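According to the numbering used here, the sequence shown is numbered sequentially starting from 8. Below is one structure; the comments refer to it alone.
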Amino acid sequence: YDNYYLRVLLGERVLGLPPGAITSAHLAEAKRVLSSLQLVLLSNDAATPVTLQRATGIANFTACRDTTRPARCAMSDEDNERARRDNAHDLALYDYAERLAAQHVASWRGGEAPLPAVL
């Protein structure tokens, strides 16, 4: 699949679309879905475990990924460019999620965000 995150976020209706069929309208819909969530975090962000602890009261979250080790595989520049092109909407959605996560982390830092009703 191309734009896997977007497809999964929008569900069956979009998941089965053929490669290349994801549009900017799908991206806008996925952004609306993310915006409706009470808490958006990035699994590899150092602030995520602390924010989860503040949001849920569970104290033993750990970082999800060790970023100190190099990746096990490397793609060619050509493959990287093709992947960026084929997944442009996913990359835009991730950029949006990063900004949203930063806002959510900042609101939890000061303790002013309400506890999510559903986790």
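Every residue gets a Cβ at the ideal spot worked out from N, C-alpha and C, and that includes glycine. Note that the coordinates shown come from a computational prediction; the quantities given were computed from them, not determined experimentally.
Pairwise C-alpha distance: A28 and A35: 14 angstroms
Going straight from the alpha carbon of V125 to that of T30, what length do you get? With a pLDDT of 39 at V125, under the threshold of 50, the modelled position of this residue cannot be trusted; read the value that follows with caution. Whole-angstrom Cα-Cα distance: 30 angstroms.
Going by alpha carbons, who is nearest to V15 out of A62, S83 and D97? D97
What first and last residue would you give for the alpha helix (DSSP H) that runs through P56? T55 to T63
Would you mind stating whether A37 and L22 have Cβ atoms separated by less than 8 angstroms? no
Given a threshold of 16 other Cβ atoms within 10 Å of its Cβ, counted over all protein chains shown, does T63 qualify as buried or as exposed? exposed
Please report the straight-line C-alpha distance between A57 and W115, rounded to a whole angstrom. The residue asked about is misnamed: residue 57 is Val in this sequence, not Ala. Rounded to whole angstroms, V57 to W115 spans 9 angstroms at the Cα level.
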